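Asks: Below you will find the structure I want to go over with you.
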Amino acid sequence: MAILLDENTKVIVQGITGKQGTFHAKSMIGYGTKVVAGVTPGKGGQEHLGVPVFDSMKEAVEATQATASVIFIPARFTYSAAMEAIDAGINLLTVITEGVPVQDSARIRQKALDNDVVMVGPNCPGLITPEASKIGIIPGKICTKGNVGIVSRSGTLTYEIIQNLTVNGFGQSTCVGLGGDPIKGIGFNECLTLFENDPQTNQIILVGEIGGTGEQQAADLVKKEITKPVYAFIAGQTAPPGKQMGHAGAIVHGKSGTAKEKMRILSEAGITTVRTSSEIPIRIKENL
Amino acid sequence: MPMLYEIEGKQLFKENKIPVPRFRAYTDSSSISQFVEEIGSDVMMAKAQALSGGRGKAGLIKKVSSAEAEEYIQSILGRDHRGKPVEIVMLEEPLEIEKEYYLAVMLDNESGKYLIIASSRGGVDIEEVAEHYPDDIFKEYLSIWDDPFSYMFIDLGKNLGFEAKTLTSFTNIMTNMVNMAKQRDLTLVEINPLILTPDRKIIAADSKVVIDGNSDFRQANIASLKSQRDRHTELEFEADQAGISYVQLDGEIGIIAGGAGLSMATCDLLEFFGSSPANFLDVGGGADETKIEKSLEILSRQNIKGIFVNFFAGITRCDDVAQGIINASKKFEIEVPIVIRLVGTNDKEGISILEENGIKAYGEMEPAARKIIELVKGGN
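Below, the structure written as structure tokens:
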């Protein structure tokens with residue numbers, strides 16, 4: 001099972017002929033992802049990495065019946081690429097690009113909502129269902145198939161947590177990197193619900209950070225609707241207020257956005273909160 | 289959260305037909321008499337421009353007479369306000385106040401829509417109004433697609449008590465505010481207070497504008513404003529120009545990490561183990577060797593006792609990280625102990641580059657963190 005993505009998902013890579021697109025499309029194909037097409041306007045008809053390249057998303061979807069696309073395109077062109085993907089009828093849109101204007105993200109998000117498209121990102125590492133498929137840039141070799149579902153606002157920190165789990169014998173069902181921007185596609189709650197309903201997932205890990213209210217909303221949902229054990233790690237314990245810590249969404253506004261406050265609210269909702277990433281497998285073992 | 293100076297915000301208001309008092313910027317106290325003549329008043333507001341709040345309490349906003357203005361400007365220019373010297377003072381014509389309102393347009397993170405917040409209780413902290421008089425706060429959402437038109441704001445204007453001529457002025461101001469937010473990629477436009485004068489004019493007495501740093505490529509005029517340079521420390525500005533997210537902290541160990549989350553977690557881990565981070569530094573996804581080199585160069589200018597390089601590379605490649613470190617060590621001396629943790633994309637290549645140069649790399653974050661702390665504490 002797993003969520004959002006499996007070995008049969010057909011994926012189109014937008015920007016496949018670019019430097020990042022080429023590097024990561026290759027890695028996705030190597031991992032087993034069904035990359036069925038690439039899109040680069042003006043390069044239709046060519047073949048790249050053994051995959052046919054099309055001029056437009058419409059042509060690529062018509063020719064391959066792909067249901068997912070991933071965007072490796074510079075920020076200034078991401079808005080149009082995302083609109084094109086949704087208009088072409090894909091169901092799962094993953095935007096890896098960092099630095100997308102927030103107004104563009106808001107427009108993409110609304111269009112995705114209006115068309116029942118699951119949008120992941122922008123500014124995210126994508127998602128991986130170990131030993132089946134990956135969309136994006138999560139290194140495949142640190143993952144192993146299992147029962148832990150991960151949903152995270154961070155990229156590299158997620159890798160850290162995945163590796164700690166893998167080394168300690170806990171495989172993953174699906175890992176989803178939501179992205180670090182203030183306005184983004186799906187959030188914690190959509191993923192928590194998907195994991196709750198996924199028979200393969202037995203434990204859920206939530207990786208949050210300072211800023212925003214996603215963690216607080218997740219706490220509410222967990223209290224009411226999630227029966228599986230949830231573990232949470234919040235980055236930014238040492239962050240000073242008012243300063244942006246890399247991610248545009250990671251900024252402490254008053255007391256409510258601090259890591260401490262988020263951990264308190266999550267604990268109150270019955271979620272096991274940890275202080276370091278290596279603590280997660282220890283806690284899972286204790287609770288088994 | 290890149291903010292503009294009040295005076296820069298007001299300049300934007302002026303360009304977008306949102307009425308503001310007449311004002312002028314001063315970086316010294318010369319030619320005040322011209323402004324006095326222009327406004328035809330002997331009293332005026334003098335406001336130091338700063339990006340941190342609390343200007344009023346710090347004595348940086350004052351009503352002065354034209355005779356006092358020169359001396360006052362001289363007294364606050366260069367004065368420290370929360371770590372930054374005051375460089376600009378704005379003189380502004382005084383307003384007669386009949387009533388004060390609150391008005392804001394923001395790009396709301398949760399809904400992804402433009403959110404308008406308005407209240408007839410302006411001039412005070414809006415969060416306090418929300419707590420004590422929730423019924424006096426009006427909120428309206430605008431679809432991200434819709435162009436704003438005056439008719440959309442008539443109900444809101446009536447709820448606030450505007451009528452006849454003031455109602456039209458208000459709906460025009462609202463329309464212009466939303467248009468400005470959309471066209472200039474502003475994530476917040478706040479006017480507090482918006483003032484109704486006895487002669488029924490509505491004027492923005494203050495401005496708070498937050499821009500979207502991701503839109504710099506299409507908002508060059510805004511990105512080049514003075515506030516955008518001033519919001520960083522010198523090192524932060526230099527890092528920003530190089531595409532590196534860097535925040536100066538006051539601990540002992542300098543950090544270079546890939547990814548914002550991991551960089552934050554690295555800061556946290558150092559503190560958890562009893563040390564402290566000297567900075568947050570995320571080289572960003574897909575960083576090349578020159579960015580790593582630049583990061584080390586920035587840290588070398590900070591007063592630190594050790595450096596912790598922490599990469600779990602996805603889009604970045606470990607060989608680029610390693611090469612950057614080697615290049616840097618050839619150009620300038622790294623005078624403090626350095627511990628490197630390197631895994632992920634191309635880690636074998638990265639580790640062998642380091643080993644060829646006699647540097648050991650760690651595979652795990654926690655042992656590496658303990659090592660750098662040991663080296664730093666041992667050196668005391």
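Going down the list, the protein sequences come from chains A and B.
So in the numbering used here, spot 142 of the first sequence is number 142, and the numbers just go up one at a time.
So in the numbering used here, spot 317 of the second sequence is number 605, and the numbers just go up one at a time.
Note that the Cβ used here is the ideal one computed from N, Cα and C, for glycine as well.
Please read these numbers as outputs of a predicted model, since none were measured by experiment.
Output needed in chain order: residues of the region 290-303 of chain B with a Cβ under 8 Å from some Cβ in chain A.
Replies: If the cut-off is 8 Å between Cβ atoms, the region 290-303 of chain B has nothing near chain A.
Asks: Tell me which residue opens and which closes the beta strand (DSSP E) that B/S399 is part of.
Replies: That residue, B/S399, is in no beta strand (DSSP E); it is neither H nor E in DSSP.
Asks: By the criterion of Cβ-Cβ separation under 7 Å, what are the contact partners of A/Y159 in chain D?
Replies: Of the protein chains in the structure, A and B, none is chain D.
Asks: Determine the chain A residues that contact B/F596 at a beta-carbon separation under 8 Å, and present them in chain order.
Replies: Near B/F596 there are no residues of chain A at all, since even the closest Cβ is about 14 Å away, more than 8 Å.
Asks: With a threshold of 8 Å between beta-carbons, can A/G180 be considered close to chain B, or not?
Replies: yes
Asks: Give me the Cβ distance between A/F54 and A/A68, rounded to the nearest whole Å; I'm assuming they're in contact under 8 Å.
Replies: Contact flag wrong, Cβ pair sits at about 15 Å.
Asks: For B/E581, report the span of its alpha helix (DSSP H) as first-last.
Replies: Residues 577-588.
Asks: Mind checking the region 497-508 of chain B against chain A and listing, in chain order, the residues whose C-beta falls within less than 8 Å of any C-beta there?
Replies: D500, G501, N502, S503, F505, R506
Asks: Roughly how many whole angstroms lie between the Cα atoms of B/R605 and A/L165?
Replies: 23 Å
Asks: Taking beta-carbon pairs under 8 Å, can you tell me which members of the region 148-173 of chain A lie near chain B?
Replies: S152, R153, S154, G155, T156, L157, T158, Y159, E160, Q163
Asks: Only counting runs of 4 or more residues, tell me where the alpha helix (DSSP H) segments fall wholly within the region 466-518 of chain B, in order along the chain.
Replies: 508-511, 514-518
Asks: Which of the three DSSP states is assigned to B/S604 in this structure?
Replies: Rather than Ser, the amino acid found at residue 604 of chain B in this sequence is Thr. Looking at B/T604 - three-state DSSP - the assignment turns out to be coil, as it is neither helix nor strand.
Asks: Could you check how far apart the C-beta atoms of A/A75 and A/I90 are, in whole angstroms? I think they sit under 8 Å.
Replies: That pair is no contact at about 20 Å.
Asks: Any idea which residues DSSP pairs B/I613 with across the strands?
Replies: None, per the DSSP bridge assignment.
Asks: Does any CB atom of chain A fall closer than 8 Å to the CB of B/V535?
Replies: At a cut-off of 8 Å between C-beta atoms, B/V535 counts as an interface residue with respect to chain A.
Asks: Is it buried or exposed for A/E209, if we count other Cβ within 10 angstroms and need 16 for buried?
Replies: buried
Asks: Using 8 Å as the limit for Cβ to Cβ distance, is A/P281 near chain B?
Replies: no
Asks: Just to make sure I have the definition right: I need the residues of chain B whose C-beta is within less than 8 Å of the C-beta of A/A106. Which are they?
Replies: L395, G400, K401, I432
Asks: Please list the segments of the alpha helix (DSSP H) lying wholly inside the region 537-566 of chain B, counting only runs of 4 or more residues, in order along the chain.
Replies: 548-560
Asks: Looking at the structure shown, is B/R312 part of a helix, part of a strand, or coil, going by DSSP?
Replies: strand
Asks: Express the C-alpha separation of A/S105 and B/I461 in angstroms, rounding to a whole number.
Replies: About 26 Å.
Asks: Would B/K665 be called buried (16 or more neighbouring beta carbons within 10 Å of its own) or exposed?
Replies: exposed
Asks: Taking the alpha carbon of B/G572 as the reference point, which residue from A/S56, A/E98, A/Q172 has its own alpha carbon closest?
Replies: Among A/S56, A/E98, A/Q172, the Cα nearest to that of B/G572 belongs to A/E98.
Asks: Please identify the residue among B/L383, B/K470, B/K401 whose C-alpha is closest to the C-alpha of B/I499.
Replies: B/K470
Asks: DSSP state of B/N598, grouped into three classes?
Replies: strand
Asks: So B/G574 packs on B/I603, CB below 8 Å; how close in whole Å?
Replies: 5 Å
Asks: Going by other Cβ atoms of all chains shown within 10 Å of its Cβ, with 16 needed for buried, is B/S640 buried or exposed?
Replies: exposed
Asks: Under the assumption that A/D354 contacts A/A132 (Cβ atoms under 8 Å), give the Cβ distance between them as a whole number of angstroms.
Replies: With chain A covering only 1 through 288, there is no way to say anything about residue 354 of chain A.
Asks: Should B/F441 be flagged as near chain A, meaning a C-beta pair shorter than 8 Å?
Replies: no
Asks: Does any CB atom of chain A fall closer than 8 Å to the CB of B/D518?
Replies: no
Asks: If distances are taken between C-alpha atoms only, which option among B/P382, B/A338, B/L379, B/S457 comes closest to B/R367?
Replies: Ranking B/P382, B/A338, B/L379, B/S457 by Cα distance to B/R367 puts B/A338 first.
Asks: With a threshold of 16 other CB atoms inside 10 Å of the CB of B/D487, please say whether the residue is buried or exposed.
Replies: With fewer than 16 other Cβ atoms from the protein chains shown falling within 10 Å of its own Cβ, B/D487 counts as exposed.
Asks: Residues of chain A with a CB under 9 Å from the CB of B/L379: which are they?
Replies: Here the premise fails: no neighbours, minimum Cβ distance about 28 Å.
Asks: Who are the near neighbours of B/Y360 in its chain, counting only those whose CB is closer than 7 Å to its CB and skipping five residues on each side?
Replies: A334, K350, V352
Asks: Using a Cβ-Cβ distance under 8 Å, would B/G342 count as near chain A?
Replies: no
Asks: Excluding the 5 residues preceding and the 5 following B/I306 in the sequence, name in chain order all residues of the same chain whose CB lies nearer than 6 Å to its CB.
Replies: I461, N464, A492
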